[in-house]
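Trainee: Have a look at this one before I ask anything.
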């Protein structure tokens, strides 16, 4: 079971409340789709600068592996507070610990609600099982 | 639509391969990290299931003249026992596919891309019906033949353990013979491949393919042999400067500007070949050229990225990859004439961001050049 302290998107991001802000990352499924369990296959990750405004559903960055490039999509609207400075030079963090150490950006959300299209861990897993 | 599967499908799944849809077939993209698989083929030997490739046999007295009407290479001049690269093109010079033609004493054997097999077979039938070649037999062998490739410097050492009645050393590059492999008679063995390494491709009846695959895995293990997926195969062929239909060639991407003139015979003897006039015109006045681009930047170039000289767009990427052999990120790209000289500094546009790269001649890697 994936962590149930957060919500999930259909493009395989997770979002977790952390005080007044939210942390956003990608799921183990997304990492595995990109690198098939081989952390050396991840080659690049582009994250936004602090201060950037993002809309829910908008692309805030990119992650690239030997095989493919994937967009990183914001689950909610808000202002980027910071990007995880460790990711760019240590992409292996994403395969080792996508849930905690592998957070990508911290966002000050426009609204407190994390509803809408977001799924619980159980809903995400049921959807994965059905569609992949 | 359900994907087609080769007779080796179960072996791939059992070996833990990640399977993908490739040209309508469920095929292994990788068994291990792609970059490690590339190194295995460059340094030792790798095993490939190519059962998805189209294989078409032509028989009948006019088979050479028939294929010479459709293929850009000069089929009638291929020595018996030799193999030549060519293309099937439309009258406007657009490639329908690129092919290998094996010329045997009593037949021609044509190997084509999986995704184009149905179109190629239809193209052959259509032109046979139109012309004076109704006596030519077109036999699609794709569903009855397995195809297994051994690629890498230790290929011959591995295959020799399992062959009888054929001197592998006597089969030179782009030649073929028939021999006994694992006790199966009449296996077509060619010294060909799509990796830039020495190696062999075997064509044998489908029911026997799993046994031969297993025997090669077992007897190759001491030489470092492992199965290799389509992911590594794509990097290997790009490093070796070999084209892939749908990337370097295809509708609007002619073989002349792709640097494939060695497979396009434009002598007057071939003037009745489909596409002859259009291809002659491209040869007389090329506007762009397929080159290699190498980059030290962090991003991997991908098909469709544009190529720029300062603020001018001068080309586009056909294929791109991390290259463990070269140690850079590499791409094949069409660039306008004038920007194609080796050493020219250009930039990719990677989804809105620029990254510098340098033009170099293809191939990036040649085993004979070192």
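Residue numbers (the numbering used here), protein chains in the order written: chain E, 42 to 173; chain U, 146 to 515.
Yeah, the Cβ is synthetic: ideal placement off N, Cα and C, and Gly gets one too.
None of these values were measured; they are calculated from a predicted model.
Where residue 137/E and residue 165/E are concerned, what is the direct C-alpha to C-alpha distance, given to the nearest angstrom?
Mentor: Within the first chain, residue 137/E is the residue found at index 96, counting from 1. Within the first chain, residue 165/E is the residue found at index 124, counting from 1. Taking the straight line joining both Cα atoms gives about 21 Å.
Trainee: Listing by chain order, which chain E residues have their CB less than 7 Å from the CB of residue 188/U?
Mentor: Reading the second chain from its first residue, position 43 is the one you call residue 188/U. The contacting residues do not exist; residue 188/U stays about 17 Å from chain E at best.
Trainee: Nearest to residue 171/E by alpha carbon, out of 91/E, 51/E, 80/E, 93/E?
Mentor: Translated into positions along the first chain, residue 171/E becomes position 130. Ranking 91/E, 51/E, 80/E, 93/E by Cα distance to residue 171/E puts 51/E first.
Trainee: Can you tell me whether residue 353/U is helix, strand or coil according to DSSP?
Mentor: Sequence index remark: in the second chain, residue 353/U carries index 208 (1-based). Helix at residue 353/U.
Trainee: Does DSSP put residue 369/U in a helix, in a strand, or in coil?
Mentor: Reading the second chain from its first residue, position 224 is the one you call residue 369/U. DSSP places residue 369/U in coil when its eight states are reduced to three.
Trainee: Determine the chain E residues that contact residue 180/U at a beta-carbon separation under 9 Å, and present them in chain order.
Mentor: To locate residue 180/U, count along the second chain from 1; it is residue 35. Those within 9 Å of residue 180/U in chain E are 79, 81, 82, 107.
Trainee: When the Cβ atoms of the stretch 442-462 of chain U are set against those of the stretch 486-505 of chain U, are three or more pairs found closer than 8 Å?
Mentor: Counting Cβ pairs under 8 Å, three or more are found: they touch.
Trainee: Grab me the residues of residue 299/U's own chain with a C-beta within less than 6 Å of its C-beta, minus the 5 sequence neighbours each way, in chain order.
Mentor: Taking the first residue of the second chain as position 1, residue 299/U is located at position 154. The residues are 189, 190, 368.
Trainee: Hey, is residue 121/E's beta-carbon within less than 9 Å of any beta-carbon in chain U?
Mentor: The residue labelled residue 121/E in the question sits at position 80 within the first chain. Closer than 9 Å: no.
Trainee: Going along the stretch 162-175 of chain U in order, which residues come within less than 7 Å of chain E, judged by CB to CB distance?
Mentor: The residues in question are 163, 175.
Trainee: By the 7 Å beta-carbon criterion, what residues does the stretch 437-471 of chain U contribute toward chain E?
Mentor: Those would be 443, 444, 445, 447, 467, in chain order.
Trainee: Among 337/U, 486/U, 169/U, 192/U, which has the Cα closest to the Cα of residue 176/U?
Mentor: One-based indexing of the second chain puts residue 176/U at position 31. Residue 192/U is the option with its Cα nearest to residue 176/U.
Trainee: Find the nearest neighbour of residue 104/E within the set 75/E, 142/E, 131/E, 42/E, judged by alpha-carbon distance.
Mentor: Your numbering for residue 104/E matches position 63 in the first chain. Nearest option by C-alpha distance: 75/E.
Trainee: Give the residues of chain E in contact with residue 333/U, contact being defined as C-beta atoms less than 8 Å apart.
Mentor: Here residue 333/U refers to the residue found at position 188 when the second chain is read from its first residue. Result: empty, since nearest Cβ-Cβ is about 33 Å, beyond 8 Å.
Trainee: In chain order, what residues of the same chain have a beta carbon less than 6 Å from the beta carbon of residue 64/E, not counting five sequence neighbours either side?
Mentor: Counted from its first residue, the first chain places residue 64/E at position 23. So the list reads 57, 144, 147, once near-sequence residues are dropped.
Trainee: Under the three-state reduction of DSSP, which class applies to residue 76/E: helix, strand or coil?
Mentor: Numbered from 1 along the first chain, position 35 holds the residue referred to as residue 76/E. It is helical.
Trainee: Between residue 162/E and the ligand ADP, is the CB less than 8 Å from at least one heavy atom?
Mentor: This structure simply doesn't include the ligand ADP, nor any ligand for that matter.
Trainee: Distance, Cα to Cα, residue 354/U vs residue 443/U?
Mentor: Reading the second chain from its first residue, position 209 is the one you call residue 354/U. Reading the second chain from its first residue, position 298 is the one you call residue 443/U. Their Cα atoms are separated by approximately 42 Å.
Trainee: Looking at residue 386/U: is its Cβ nearer than 9 Å to the Cβ of residue 509/U?
Mentor: Residue mapping note: residue 386/U aligns to position 241 of the second chain, counting from 1. Residue mapping note: residue 509/U aligns to position 364 of the second chain, counting from 1. The answer is yes: Cβ separation under 9 Å.
Trainee: Who are residue 453/U's beta bridge partners in DSSP?
Mentor: In the second chain, residue 453/U corresponds to position 308, counting from 1. Paired residue(s): 458/U, 492/U.
Trainee: Compare the C-beta of residue 117/E with all C-beta atoms of chain U and state if any pair is closer than 9 Å.
Mentor: On the first chain, position 76 is the one that residue 117/E refers to. So no, residue 117/E is outside the interface.
Trainee: In whole angstroms, give me the CA-to-CA distance for residue 382/U and residue 257/U.
Mentor: Position 237 of the second chain, counted from the start, is the residue given in the question as residue 382/U. Position 112 of the second chain, counted from the start, is the residue given in the question as residue 257/U. Between residue 382/U and residue 257/U, the C-alpha separation is close to 16 Å.
Trainee: Taking the continuous beta strand (DSSP E) assigned at residue 123/E, which residues delimit it?
Mentor: Translated into the one-based positions of the first chain, residue 123/E becomes position 82. Residue 123/E -> beta strand (DSSP E) spans 119-124.
Trainee: Going straight from the alpha carbon of residue 116/E to that of residue 55/E, what length do you get?
Mentor: The sequence position of residue 116/E within the first chain is 75, counting from 1. The sequence position of residue 55/E within the first chain is 14, counting from 1. If you take the alpha carbons of residue 116/E and residue 55/E, they lie about 8 Å apart.
Trainee: Look up residue 380/U in the DSSP assignment and say whether it is helix, strand or coil.
Mentor: Within the second chain, the letter at position 235 stands for residue 380/U. Looking at residue 380/U - three-state DSSP - the assignment turns out to be helix.
Trainee: Counting only Cβ-Cβ distances shorter than 7 Å, please list the residues of the stretch 363-383 of chain U near chain E, keeping chain order.
Mentor: From the stretch 363-383 of chain U, only 376 have a Cβ closer than 7 Å to chain E.
Trainee: What residues from chain E crowd round residue 496/U, counting only those whose CB sits closer than 8 Å?
Mentor: Along the second chain, one-based indexing puts residue 496/U at 351. Ordered by position in chain E, the residues that pass the 8 Å Cβ test against residue 496/U are 103, 110.
Trainee: I want to see whether chain E comes within less than 9 Å of residue 177/U, judged by CB atoms only; does it?
Mentor: Stepping through the second chain from its first residue, residue 177/U is reached at position 32. With 9 Å as the cut-off, residue 177/U counts as an interface residue toward chain E.
Trainee: Does residue 165/E get closer than 9 Å to chain U when you measure Cβ to Cβ?
Mentor: The count along the first chain starts at 1 and reaches residue 165/E at position 124. Cβ-Cβ to chain U under 9 Å: no for residue 165/E.
Trainee: Among the candidates 206/U, 219/U, 148/U, 180/U, whose CA atom is the shortest distance from the CA of residue 414/U?
Mentor: What you label residue 414/U is simply residue 269 of the second chain in a count that begins at 1. That would be 219/U, whose Cα lies nearest to the Cα of residue 414/U.
Trainee: Strictly under 9 Å for the Cβ-Cβ distance: is residue 87/E near chain U by that measure?
Mentor: By one-based count along the first chain, residue 87/E stands at place 46. Closer than 9 Å: yes.
Trainee: Would you call the CB atoms of residue 82/E and residue 153/U closer than 9 Å?
Mentor: Looking up residue 82/E in the first chain gives position 41. Looking up residue 153/U in the second chain gives position 8. No; because the gap between Cβ atoms is not below 9 Å, this pair is not in contact.
Trainee: Going by DSSP, what residue range makes up the alpha helix (DSSP H) through residue 269/U?
Mentor: The residue labelled residue 269/U in the question sits at position 124 within the second chain. Per DSSP, residue 269/U belongs to the alpha helix (DSSP H) from 262-275.
Trainee: What whole-angstrom Cβ distance do residue 377/U and residue 186/U have, given they're in contact under 8 Å?
Mentor: Residue numbering aside, residue 377/U sits at position 232 when the second chain is read from its first letter. Residue numbering aside, residue 186/U sits at position 41 when the second chain is read from its first letter. Residue 377/U to residue 186/U, Cβ: 7 Å. Contact.
Trainee: Quick one: complete alpha helix (DSSP H) runs, 4+ long, within the stretch 168-236 of chain U?
Mentor: DSSP runs (the alpha helix (DSSP H)) wholly in the stretch 168-236 of chain U: 179-188, 208-215.
Trainee: With a 10 Å radius around its C-beta and 16 neighbouring C-beta atoms as the bar for buried, classify residue 114/E as buried or exposed.
Mentor: Locating residue 114/E in the first chain gives position 73, counting from the first residue. Classification for residue 114/E: buried.
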